[in-house]
Amino acid sequence: MDEEFLRKILEEQRSMGAVLRQLLDDQKQLAEAHKQLTEGQKLLSEGQQQLFGGQEKLVADQKQNADFIQKLLQSAGEAAPESDGHLHNNAANELLENLANTVAKVESELKKLHSNLRTIEAITAKNWNELIDLQAGK
Numbered sequence: 005m006d007e008e009f010l011r012k013i014l015e016e017q018r019s020m021g022a023v024l025r026q027l028l029d030d031q032k033q034l035a036e037a038h039k040q041l042t043e044g045q046k047l048l049s050e051g052q053q054q055l056f057g058g059q060e061k062l063v064a065d066q067k068q069n070a071d072f073i074q075k076l077l078q079s080a081g082e083a084a085p086e087s088d089g090h091l092h093n094n095a096a097n098e099l100l101e102n103l104a105n106t107v108a109k110v111e112s113e114l115k116k117l118h119s120n121l122r123t124i125e126a127i128t129a130k131n132w133n134e135l136i137d138l139q140a141g142k
């Protein structure tokens, strides 16, 4: 009877060892998921900073372009006689078209930044959900 009892104790010990190894593996996965979450949050923060910097640059560029066009139109008006009004309109239209193209490029870059930010947010949410699942023992 003592041998049977000792075998059961040994089996329980092995079983507990397996459970402890699984817990250690789960702890490692949890630590890795936490690390990924932290990195994701850092990337998200950096992406937001880039986005805000891009928006500030866009506003500054638009103001600078508007000032440049205004000065160019003023200098064109002073340099050419009134009979060349049609030429002034063509030059102004060309400048406005160039400005519109520049603004479109900047808007495109902002959309890319927004897309990257959404990707980072999705990755962070996924990592967060994995972390929660690991904590819940799923």
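According to my numbering, the sequence shown is numbered sequentially starting from 5.
Using N, Cα and C, we set each Cβ at its ideal position, and we do this for glycine too.
Does DSSP put G141 in a helix, in a strand, or in coil? Here G141 carries a coil assignment [DSSP, helix/strand/coil].
Mark G44 as exposed unless 16 or more other C-beta atoms lie within 10 angstroms of its C-beta, in which case mark it buried. Only buried fits G44, as 16 or more other CB atoms lie within 10 angstroms of its CB.
Between the region 90–106 and the region 66–73, can you find at least three pairs of beta-carbon atoms closer than 8 Å? Yes, the region 66–73 is in contact with the region 90–106.
Relative to the alpha-carbon of A140, which residue among D29, L28 and L34 has its alpha-carbon at the smallest distance? Distances from the alpha-carbon of A140 to those of D29, L28 and L34 put L34 closest.
Okay, do the region 130–139 and the region 108–122 touch, 3+ Cβ pairs below 8 Å being the bar? Segments in contact, no.
Taking 7 Å as the cut-off, is the CB of A95 close to at least one heavy atom of the ligand GTP? By its list of ligands, the structure shown contains no ligand whatsoever, and the ligand GTP lies outside what it can speak to.
Kindly give me the distance between the Cβ atoms of D148 and L138, rounded to whole angstroms, as I take these residues to be in contact under 8 Å. The requested residue 148 does not occur in the structure, where the chain is confined to residues 5 to 142.
Express the C-alpha separation of E134 and A37 in angstroms, rounding to a whole number. Rounded to whole angstroms, the separation of the alpha carbons of E134 and A37 is 7 Å.
I'd like to know if the region 16–24 and the region 92–101 are in contact, where contact means that at least 3 CB-CB pairs between them fall below 8 Å. With a cut-off of 8 Å, the region 92–101 and the region 16–24 do not count as touching, because too few Cβ pairs lie within range.
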